[in-house]
Structure formats: structure tokens, C-alpha cells
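Written out below as C-alpha cells is the structure these notes cover.
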Amino acid sequence: MPQGEQTSFAVEELKIGGKIKYLREKNFFTLQDLAAKTGLSKAILTEIEADEVMPPVATLLKLAKGLNVGMAYFFRDEAPAEQISVTRTGERVQVKRRPHHREGEVDYIYESLEARMPGKHMEPLLVDFVPMEKTDMVFTSHEGEEFVFLLDGKLEFRTNDRVETLSAGDALYFDSALNHSFRSLTDAPARAVVVVWSKT
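Numbers in our numbering are just positions in the sequence shown, counted from 1, shifted up by 1271.
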């Protein structure tokens, strides 16, 4: 990834966990309350709030819905609602994968391509999917729909009963309530524009 194109953040710098804890307490939710709203375990929520794990996009979407905010809230303070938002190259926010990620953490690198409009229904992302063995793939699901346009590399998409291989220029649209996972099929990451639409 070219240097200087975006702002790179580890989960600690974004303070995602602190923002989640603040919203949870502001809404007078216990960890059990938030677990019931999101389907996430209390143990995972505790680790996320302590910034010990880096939550993947599907987890952030569940937390955003449970806490009644847009996913943009986790990348920067929410600004007043706007009708038009322009994100310059140097303003993009990248969430980095740890070298040795823990169970439940993100296993890809993603950048938020728009982090200003708090009430939007689509989440545009630039994602680098890493190479991995088939046995290491972690399946996830969340309400909504997803669109993937592969820019570079070769990407494998799996559900419980289907496997598709995408090459650069291919597009994929699917119901993200399906259990799904991705992996690069080459030695380098596969890069894609991903748009996630979440039901409100």
C-alpha cells in the first residue's frame, strides 16, 4: 500500500473501545444488555472495550446498530449531518491488522472511505484481504447486503455451501446474513472496494 495515502491507525489509537464503553454507559446498558442487543459475548465486549482486540467490520456494524450510531462514530467524532461529504486521499482512516491477531479480531486491513456522515446507510470501505489457509478462514454474518468490486489480486469468497473465485474487475453482491468469508488466493493481499449496506 503506498505510503502517505491514508492515516493508519491501530485500534488503540482510534480508541474504539472507549467510544463503545462511553455509549454503552450513556445509554445505561450493562455488558449483558449490549450482548443481548448485538449477539456478541460479554467476554468479547469486555476485550473490545479494553482495546485488547480489533473488531472486524461485521462486529462494528452490530455494535453501531445496538448503540444507535453510525459506524462512522468509531472512526472519528460525529459531525453534524451533511448532504455531501468528500473524503480526500490523505483523510482516509485505515484500521491495521495486528501481526498476530487474536480470536475474534479482524484478519484483514480496511479503510473507511467515508467517516463524516453519521446517519448513512452504506459503509464504503477499501479492504485488503490477506492470504490464508482454508482452515484458517473465519466466517461471519450480519444483517444487510454487501457489494465487492475486486481491484487487484485473486479473491476466494465462501459461504456454507458455495465457493466463488474473483479476479480483478469482477464484482460480487450478496446477502450478508449468509455466513461468509474471504481469502486471497495469491501470496499478496487481494484489494477490493466493499460497500456494506446495513438495515436500520
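All residues carry an ideal CB built from backbone N, CA and C; glycine is no exception.
When Cβ pairs closer than 8 angstroms are counted between the two stretches, the region 1449–1463 is seen to touch the region 1396–1411, the count reaching three or more. DSSP, read as helix, strand or coil, puts K1391 in coil. For the pair F1410 and G1390, the Cα-to-Cα distance works out to about 27 angstroms.
T1436 counts as exposed, since fewer than 16 other C-beta atoms from the protein chains shown sit within 10 angstroms of its C-beta. Apart from the 5 residues on each side of it in sequence, G1289 sits with its Cβ closer than 8 angstroms to the Cβ of E1320 and D1322 in its chain, given in chain order. Our two residues, Q1365 and D1432, have alpha carbons roughly 32 angstroms apart in a direct line. Excluding five sequence positions before and after D1423, the CB atoms of its chain that fall closer than 6 angstroms to its own CB belong to A1439 and R1462, given in chain order. Taken through DSSP and simplified to helix, strand or coil, Q1354 comes out as coil. Excluding its 5 nearest sequence neighbours in each direction, L1305 has C-beta neighbours in its own chain below 7 angstroms: R1295, L1316 and G1337, listed in chain order. Within the same chain, L1443, A1463 and V1465 come within 6 angstroms of V1419 by CB-CB distance, once the 5 residues on both sides are set aside. Distance between A1335 and A1459, taken at the CA atoms: about 31 angstroms. With a contact defined as Cβ atoms closer than 8 angstroms, D1441 and L1421 qualify at about 5 angstroms.
DSSP, read as helix, strand or coil, puts E1435 in strand. In this chain, the beta strand (DSSP E) harbouring Y1381 covers Y1379 to S1383. Take the alpha-carbon of E1385 and the one of P1395: they are about 7 angstroms apart.
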